[in-house]
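Below: the structure, in structure tokens.
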Amino acid sequence: MRVLIVEDETRLAEAIQRGLSAEGFNVDRADNGIDGLWKAKENAYDVIVLDIMLPGMNGYKVCENLREAGVWTPVLMLTAKDGEYDQTDAFDLGADDYLIKPFSFLVLVARLRALIRRGGGDRPVVLRAGDLSLDSVRHRVQRGETELTLTPREFGLLEYLMHHRGEVVSKTQILEGVWDPYYEGDPNVVEVYVGYLRRKIDEPFGRRSIETIRGVGYRLAEGG
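Below, the structure written as structure tokens:
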């Protein structure tokens, strides 16, 4: 597993590199956005750890440039900032996950492994289920011509369901794919967020696209 770390805090970058190397990752580093962008374009990585506040070019621009160039390597963004606005900016530009400093190294590894399992490749820019569409790059969701406003977690849940539309997915699968494999909270948080989604993508339009399969999990209907 090959990972690129783009981080200008030398001590942090070295600590992440040592830890990931011990976990079996092959690690490259860049300490500014320009070098990070070049390495990410010229080499094949399984995942990229990308700081937001970087010299030369910030992480937002690096991620935006990668996606515009058709590089779909999964990106986990690191930042000392907190707040939904910054998360939305990251997701709008094509990031796959977001971790706030300081963070648990175990959580970082779990998130990276989850992103690697999900993979990159030539992702469809827009996912569709009937007249429901989700634009992964611009972080937009529409039901027909109506644009919907979702929180980052709601967006992640809908994106996961749309990638698996027509399939039944369990709460455990959703927690691993949308939260993280080491999530130790109440698994009923999935039920809560499914309820949030239904109130936004279904109820105003008289739809029932997210089905509950009793005792098993949930399924997003192929036709939305």
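Residue 242 in my numbering is what sits at position 216 of the sequence shown, and the numbering runs on without skipping anything.
The beta carbon of each residue, even a glycine, is placed where N, CA and C say it ideally should be.
Note that this is a predicted model, so its numbers are computed, not measured.
Residues that residue i bridges to, as DSSP identifies them
| i | result |
| --- | --- |
| I31 | R55, V75 |
| T238 | Y244 |
Own chain residues within Cβ distance below 6 Å of residue i, not counting five before or after
| i | result |
| --- | --- |
| E33 | A39, D77 |
| L153 | L160, M188 |
| Y186 | G203, V204 |
Residue from the options with nearest C-alpha to residue i
| i | options | result |
| --- | --- | --- |
| L223 | V73, L246, A95 | L246 |
| A140 | F129, V152, D123 | D123 |
| S196 | F131, G50, Y244 | Y244 |
| R240 | R234, V133, V194 | V194 |
| T105 | Y86, E90, E185 | Y86 |
| D61 | V218, V242, R234, C89 | C89 |
| G221 | Y186, E180, V133, G232 | E180 |
| T175 | G82, K65, A136, P230 | P230 |
| P100 | V167, Y71, P128 | Y71 |
| G96 | A41, R191, R137, L63 | L63 |
| R137 | H165, L158, V73 | V73 |
| D228 | M103, A155, S162 | A155 |
Simplified DSSP state of residue i, which is helix, strand or coil
| i | result |
| --- | --- |
| D123 | strand |
| V97 | coil |
| L63 | helix |
| L104 | strand |
| R233 | coil |
| E40 | helix |
| N17 | There is simply no residue 17 to check, as the chain begins at 27 and stops at 250 in what is shown. |
| E49 | coil |
| A140 | helix |
| N69 | coil |
| F129 | coil |
Cβ-based neighbour list, residue i, same chain, cut-off 7 Å, excluding 5 preceding and 5 following
| i | result |
| --- | --- |
| V53 | V29, I31, Q43, L46, S47 |
| A237 | A quick correction: the sequence has Glu, not Ala, at residue 237. Excluding positions up to five away in sequence, the list reads Y244, R245, A247. |
| G182 | V204 |
Below-8 Å beta-carbon distance, residue i vs any chain E residue
| i | result |
| --- | --- |
| G59 | Among the protein chains of the structure shown there is no chain E, as only one such chain exists. |
Residues near residue i in its chain [Cβ-Cβ closer than 8 Å; skip 5 each side]
| i | result |
| --- | --- |
| R55 | L30, I31, V32, E33, A39, Q43 |
| T198 | P213 |
| G59 | V32, L80, P81, G82, M83, N84, G85, K87, V88 |
| K226 | L174, T175, L176, E180 |
| E49 | V135 |
**OP:** Write down every uninterrupted run of the beta strand (DSSP E) in the stretch 144–223 whose length is 3 residues or greater and which is fully enclosed by it, in chain order.
**Re:** Counting only runs of 3+ residues, the beta strand (DSSP E) found wholly inside the stretch 144–223 occupies 152–155, 158–161, 166–169, 172–174, in chain order.
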